[in-house]
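One structure below.
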Amino acid sequence: MGDWMTVTDPGLSSESKTISQYTSETKMSPSSLYSQQVLCSSIPLSKNVHSFFSAFCTEDNIEQSISYLDQELTTFGFPSLYEESKGKETKRELNIVAVLNCMNELLVLQRKNLLAQENVETQNLKLGSDMDHLQSCYSKLKEQLETSRREMIGLQERDRQLQCKNRNLHQLLKNEKDEVQKLQNIIASRATQYNHDMKRKEREYNKLKERLHQLVMNKKDKKIAMDILNYVGRADGKRGSWRTGKTEASFFLRNEDEMYKILLNDYEYRQKQILMENAELKKVLQQMKKEMISLLSPQKKKPRERVDDSTGTVISDVEEDAGELSRESMWDLSCETVREQLTNSIRKQWRILKSHVEKLDNQVSKVHLEGFNDEDVISRQDHEQETEKLELEIQQCKEMIKTQQQLLQQQLATAYDDDTTSLLRDCYLLEEKERLKEEWSLFKEQKKNFERERRSFTEAAIRLGLERKAFEEERASWLKQQFLNMTTFDHQNSENVKLFSAFSGSSDWDNLIVHSRQPQKKPHSVSNGSPVCMSKLTKSLPASPSTSDFCQTRSCISEHSSINVLNITAEEIKPNQVGGECTNQKWSVASRPGSQEGCYSGCSLSYTNSHVEKDDLP
Amino acid sequence: MNFSEVFKLSSLLCKFSPDGKYLASCVQYRLVVRDVNTLQILQLYTCLDQIQHIEWSADSLFILCAMYKRGLVQVWSLEQPEWHCKIDEGSAGLVASCWSPDGRHILNTTEFHLRITVWSLCTKSVSYIKYPKACLQGITFTRDGRYMALAERRDCKDYVSIFVCSDWQLLRHFDTDTQDLTGIEWAPNGCVLAVWDTCLEYKILLYSLDGRLLSTYSAYEWSLGIKSVAWSPSSQFLAVGSYDGKVRILNHVTWKMITEFGHPAAINDPKIVVYKEAEKSPQLGLGCLSFPPPRAGAGPLPSSESKYEIASVPVSLQTLKPVTDRANPKIGIGMLAFSPDSYFLATRNDNIPNAVWVWDIQKLRLFAVLEQLSPVRAFQWDPQQPRLAICTGGSRLYLWSPAGCMSVQVPGEVLSLCWHLSGDSMALLSKDHFCLCFLETEAVVGTACRQLGGHT
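For the protein sequence lines, the chains are A and B, in the order given. Residues in the first sequence are numbered from 1 upward in steps of one, following this note's numbering. Residues in the second sequence are numbered from 1001 upward in steps of one, following this note's numbering.
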């Protein structure tokens, strides 16, 4: 708490003081000092404060205190502590409620003030620390400033020194240059002097030489001689002839002639060489020109469009020139006449070519620039990734191929030199063989089973056929009898029927109805064909074993497809379903109805199928 | 490669006859003429004093032996051994002697270059040419032997006189714009004469046969100039080597410079093959040394052997610090030679004395550099093919061809060499011996070269 007090802002405290002073001035209270202290010191309640209060209000001065307080409070804008008196004479009474309200308000105010004070203090703390920070910053910056200033001074010093040096060097250079100039002058003068001296010396030397010559030559030196056994012939076989005054001129002319001949020959030779070279160069030039023209012609239109006014004429010139110069005769003309034209045209073409190439370059650079934009970069990345992937794949594939090759080689190698492997392989083969054999036997068994079944089926079919025969015979006889009855007792027909039905059972009765209907339906069913064959089949079934065999094989063949086939046949046979039903019901005695139907329809179908397939077979 | 036996020799005087049939050599005051094939002595002539210079006549019929000390020239005939001729220059003295191209005249230069005496062997006539210039190369004959150009000095001015060799008539006489003419040289076609100035000034002038100035070329000023000049055999190029270590090639049409070849000590271009001679420890191998060493007949030799190695590219060659305050400093291009087919140019930079540079003239670029262990003394092209023989004064002969190069152990210390006309053999001259070296056609060298070919 003590710290707290010290930390408090002096400004703040002074402010409170002024307030208190003001209050004290307004009304001198007996304990104005204390109140001042109370106002000044914040709420913290110490024993001292209590003692102040006790001192402030005693039994004696309650009234005074109250009035003082009231006054004070009213100046601060609080309601009066006294009840409003109706009459002025009446003594004002203390309003307890007002007092309490005032107190409450004071307390609230006090609390608010405390809070505010707290805030202010924390802010103060913050500001203090900020201040410290800023101060340290400031000091640092000051230091920096100092150092940089020092540096600057150093640099300036160095600059100055360097400039000084530079000046010195310049001076030196100048001196050196002067020196060089001087030396050159000296050299030149020395050279001239040397030359002069040399000339002088040489003259002297020449004089001496001359003198010596005279001395030596004029002495008629006996020693100077040639001692020769005999003179030899000239290498060219001619006689040596020494020139005389007369012949000298002619000799000279001849020599001149010869010299010029030699020179001419040399020049001719060189001219020939140059001509040859020239011709070759011309050839190259012509070819180049042709190529240039062919190269430029397709894109001639473009520049013309673009720079019609400026180069259009040039281009047309070029075209003209090209047309002119492409003529062979032009090339054989001497250079001087063609040269200007030629060079001009070539220059023009070259300019066009250059501009074209530049344009292309620009395009290329543009493309490059564009290429560096986002899309292409991404595409490139993609591309790279893709290529990486592909490369990886390739590597994998290569590895695979390699391993395969290795394996193959191993196998080959082992096959060539290792018997065990071959044995092993044999073992594998044997195993496989056995396995196959087992399977084979299984198949065989299955086959046997199938055949057995088939046989039973055929037997059943034969039996059925026999039964059917018997039944038909029976029926024939019965129909015969009925017919006979009908002819005799026509009016009693229905009764007979009834009687018969009662006699032979409901199934027969139904059958009968069906049969009576059958003749009506027959023409229709004949056209269908299948019942015919069916009947045929059924008739032939018992009769010929060959057909039965055939049927067997057929059924065997169509075994797999029987289910599908059955569906189809069921539909096909629909028109005679009624007939089929009746027969079915009849045959049900012999065997299961499902299998019956299957067999039956299967047979019928197989037959038709056989027809079809027989056609197909060849 | 085979070698003949070693013969005695003095003053490095050994020459093949121009027709390639004979070999003349001198031993003190004796002149020995041998058959090139059998090496048997055909003639033996005795001169009056120690021979200082010999020269075959162009028709290989006569040999001239000069004894400068005594001012004597003796001429010997190969056909008539008994024939003799002695020319005495008397008190005038003798400093040079040479044949005229017809082989019937001898040109003797007297002491102090007072005059040139032309002695005829056909007639008893003597003619004098006055004022010859005392210079390095003052006399030059055209290749066809028709004309002679002579540098003269009169009244402190340089002149060139062109004589017709058949009758020694003066054809042209003109002054040259030179300070101090140093050399003249005919182009092989005989139509252009190159004239170059003293080394104090870079200046080369080209004159036509009729004395017209065709062109003047100067690369720079205020520095030492031309050191060596060589015409290409095709007369198409003129190579000018100078003290700045560069060779400049002039063309024959405009006489302008086509290119210049610098000779830096550091070679950085990876295209250039640098062959470096390396000492090989003697116990390693015998016989013919090359890279790789082909087996040849030579027996074990006492001195250490060497071979060429291909140096990896940033190569720095051994340089010589020239003494610049003395006359004739060892800098600049001192030796220049075109191959007979004009395809290659061999050069030596005198401050990189161990190296020979071979330039490709077709492509105008450096082709190869050969660095030997000791300074190159001489090199000469094979007259028949682009093959360069180099000697360094040691007991090794170095051969280069475009396919590669090799170093061969030879008897004696080779100071000089000269090829036979056919290119099949060459004479290797040492201080007091010489031997013939027979190159076994292309078989051996070719295979060696082919093996080398992979590296080039």
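Think of the CB as a built atom: it goes at the ideal place given N, C-alpha and C, for glycine as much as any other residue.
Residue i: contacting residues in chain B (beta-carbon distance under 8 Å)
| i | result |
| --- | --- |
| A:G233 | C1122 |
| A:V180 | Result: empty, since nearest Cβ-Cβ is about 11 Å, beyond 8 Å. |
| A:P177 | Sequence check: residue 177 of chain A is Lys here, not Pro. Here the premise fails: no neighbours, minimum Cβ distance about 16 Å. |
| A:K199 | C1156 |
Cα-Cα separation, residue i to residue j
| i | j | result |
| --- | --- | --- |
| A:D197 | A:R203 | 10 Å |
| A:E445 | A:Q405 | 45 Å |
| B:D1158 | B:L1209 | 17 Å |
| A:N119 | A:N101 | 27 Å |
| B:S1091 | B:N1108 | 13 Å |
| A:D309 | B:P1264 | Since pLDDT at A:D309 reaches only 42, below the 50 mark, its modelled position is unreliable, and no value is offered. |
| A:V307 | A:V338 | Because the pLDDT of A:V307 is 42, which lies under 50, any placement of that residue in the model is unreliable, and the number read from its coordinates should be weighed accordingly. If I take the Cα positions, the gap works out to 29 Å. |
| B:V1369 | B:Q1380 | 16 Å |
| B:G1332 | A:K359 | 51 Å |
| B:R1172 | B:T1392 | 42 Å |
| A:S477 | A:A470 | 11 Å |
| A:V99 | A:Q117 | 26 Å |
| B:H1252 | A:D266 | 12 Å |
| B:L1320 | B:L1366 | 21 Å |
| B:S1063 | B:L1044 | It is Ile, not Ser, that sits at residue 1063 of chain B in the sequence shown. Straight-line Cα distance between these residues: approximately 12 Å. |
| B:L1205 | B:Y1243 | 18 Å |
| B:D1019 | A:I186 | 56 Å |
| B:D1350 | B:F1016 | 29 Å |
| B:P1300 | B:W1419 | Confidence in B:P1300 is poor, its pLDDT being 42 and thus under 50, which makes the residue's placement unreliable; the coordinate value appears in the next sentence. So the alpha carbons of these two residues sit roughly 26 Å apart. |
| A:R254 | A:L263 | 14 Å |
| B:E1309 | B:A1278 | 7 Å |
| B:V1006 | A:K201 | 50 Å |
| B:W1400 | B:C1014 | 23 Å |
| B:Y1068 | B:K1280 | 44 Å |
| B:V1164 | B:Y1147 | 5 Å |
| A:V108 | A:L141 | 48 Å |
| A:D132 | A:L69 | 45 Å |
8 Å Cβ cut-off: residues of chain A touching residue i
| i | result |
| --- | --- |
| B:C1191 | I262, L263, D266 |
| B:W1119 | M226 |
Residue i: contacting residues in chain A (beta-carbon distance under 7 Å)
| i | result |
| --- | --- |
| B:F1112 | K209, L212 |
| B:V1247 | Those do not exist, as B:V1247 stays about 25 Å from chain A at its closest Cβ, beyond 7 Å. |
Under 9 Å from the C-beta of residue i: neighbouring residues of chain A
| i | result |
| --- | --- |
| B:W1083 | I228, L229, N230, V232 |
Under 9 Å from the C-beta of residue i: neighbouring residues of chain B
| i | result |
| --- | --- |
| A:M259 | R1146, Y1147, I1162, V1164, L1171, R1172, L1209, D1210 |
Partners in chain B for residue i, counting only beta-carbon separations shorter than 7 Å
| i | result |
| --- | --- |
| A:I224 | D1088, E1089, G1090, A1092 |
| A:N255 | V1164, Q1169, L1171 |
Closer than 6 Å: residue i CB and nearest the ligand HEM heavy atom
| i | result |
| --- | --- |
| A:E445 | Among the ligands in the structure shown, none appear at all, so the ligand HEM cannot be discussed. |
Check your understanding: Using 8 Å as the threshold, is the stretch 1189 to 1203 of chain B in touch with the stretch 1125 to 1134 of chain B, meaning 3 or more CB pairs across them?
Key -> no
Review point. Where are the beta strand (DSSP E) runs, 3 residues long or more, that stay fully inside the stretch 1316 to 1342 of chain B, in chain order?
Key: 1333 to 1338
Practice item. Just list the beta strand (DSSP E) runs in the stretch 1196 to 1247 of chain B, keeping only unbroken ones of 3 residues or longer that don't cross its boundaries, in chain order. Key: Look at the stretch 1196 to 1247 of chain B and you find these whole runs of beta strand (DSSP E), each 3 residues long or longer: 1204 to 1208, 1213 to 1217, 1226 to 1231, 1237 to 1242.
Exercise for review: Tell me the start and end of each unbroken beta strand (DSSP E) in the stretch 1380 to 1445 of chain B that is at least 3 residues and wholly inside, in chain order.
Suggested key: 1388 to 1391, 1396 to 1401, 1404 to 1409, 1416 to 1419, 1425 to 1429, 1433 to 1438
Review point. Is it a yes or a no for the stretch 1309 to 1320 of chain B touching the stretch 1269 to 1277 of chain B, going by three-plus beta-carbon pairs under 8 Å?
Key: Yes: the two stretches touch, three or more of their Cβ pairs being nearer than 8 Å.
Check your understanding: Which residues, in chain order, does the stretch 203 to 216 of chain A contribute to contact with chain B at a C-beta distance below 7 Å?
Key -> R203, K209, L212, H213, V216
Review point. Is it a yes or a no for the stretch 225 to 235 of chain A touching the stretch 1077 to 1088 of chain B, going by three-plus beta-carbon pairs under 8 Å?
Key: Short answer: they touch.
Check your understanding: Below 8 Å, can you find three or more Cβ-Cβ pairs linking the stretch 1322 to 1330 of chain B to the stretch 1420 to 1439 of chain B?
Key -> no
Point to revise | Residues of the stretch 1085 to 1096 of chain B with Cβ closer than 8 Å to any Cβ of chain A, in chain order | key: C1085, K1086, I1087, D1088, E1089, G1090, S1091, A1092
Practice item. Quick one: which residues of the stretch 1208 to 1230 of chain B get their C-beta closer than 9 Å to a C-beta of chain A? List them in chain order. Key: S1208, L1209, D1210, W1222
Check your understanding: Looking at C-beta atoms only, is the number of pairs between the stretch 1098 to 1106 of chain B and the stretch 248 to 266 of chain A that lie closer than 8 Å three or more?
Key -> no
**Study point:** Cβ contact (3+ pairs, closer than 8 Å) linking the stretch 1345 to 1365 of chain B and the stretch 1304 to 1311 of chain B
**Key:** With a cut-off of 8 Å, the stretch 1304 to 1311 of chain B and the stretch 1345 to 1365 of chain B do not count as touching, because too few Cβ pairs lie within range.
Review point. Relative to chain A, which residues along the stretch 1166 to 1190 of chain B have a C-beta separation below 9 Å, given in chain order?
Key: S1166, D1167, W1168, Q1169, L1170, L1171, R1172, Q1179, D1180, N1189, G1190
Review point. Do the stretch 278 to 295 of chain A and the stretch 1173 to 1180 of chain B touch if we need at least three Cβ pairs shorter than 8 Å?
Key: no
Practice item. With a floor of 3 residues, list each beta strand (DSSP E) that falls wholly inside the stretch 1152 to 1191 of chain B, ordered by position along the chain. Key: 1157 to 1164, 1169 to 1175, 1183 to 1186
Review point. Would the stretch 1217 to 1228 of chain B and the stretch 1245 to 1259 of chain B be scored as touching if the rule is three or more Cβ pairs under 8 Å?
Key: yes
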